[in-house]
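Okay, so here's the structure we're looking at.
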Amino acid sequence: MASSKLLFTSILFLAIALHLVQSHRLLQSQQVLTTGMNKDETEAKGRAAYVTSTNCGGLCAVRCSKSSRPNLCKRACGTCCARCNCVPPGTYGNYNTCPCYATMTTRGGARKCP
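Next up, the structure:
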């Protein structure tokens, strides 16, 4: 009787632990960085910039749509997107939605990402 209670308790504990690990992984994959943004900005900007599997080509095409040198812009944006797994929404600015994208610089100190 005591061994069956111990077995049941062990199985229950393992099931709960497995559930917690899976929940934690799911939350990590869907996490949106919201530093310095209010709730409305998060809904408007965060969802466009952070997705679980980033479509760099599509996001960079939108980002570089008004660039005077679209091929150069798309190449730089693609490199930054591959490293950061995010692209700020819009055609310019909004760097606060993708901190990694904003901090990448060239050797001369200029922003690397358009």
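Here the sequence shown stands for residues -23 to -1, 1 to 91, where the numbers follow mature numbering (1 follows the signal peptide of the UniProt record, and there is no 0).
No residue lacks a Cβ here, since even glycine has one placed at the ideal position from N, Cα and C.
N- and C-terminal bounds of the alpha helix (DSSP H) containing residue i
{"i": "A59", "result": "47 to 61"}
{"i": "C33", "result": "33 to 40"}
Under the three-state DSSP convention, the category residue i falls into
{"i": "R84", "result": "coil"}
{"i": "T74", "result": "helix"}
{"i": "K(-19)", "result": "helix"}
{"i": "G67", "result": "coil"}
{"i": "S(-14)", "result": "helix"}
{"i": "S(-1)", "result": "helix"}
Residue i to residue j span [Cα, whole Å]
{"i": "T56", "j": "L36", "result": "12 Å"}
{"i": "N71", "j": "R40", "result": "11 Å"}
{"i": "C58", "j": "I(-8)", "result": "36 Å"}
{"i": "S42", "j": "M81", "result": "21 Å"}
{"i": "T74", "j": "A53", "result": "18 Å"}
{"i": "R88", "j": "T(-15)", "result": "56 Å"}
{"i": "S(-21)", "j": "L(-10)", "result": "16 Å"}
{"i": "H(-5)", "j": "R60", "result": "31 Å"}
Nearest neighbour of residue i, chosen from the options [CA to CA]
{"i": "V64", "options": "N32, A(-22), V(-3)", "result": "N32"}
{"i": "P76", "options": "R84, G85, P66", "result": "P66"}
{"i": "Y69", "options": "C50, R60, I(-13), S(-21)", "result": "C50"}
{"i": "Y78", "options": "R84, C90, G85", "result": "C90"}
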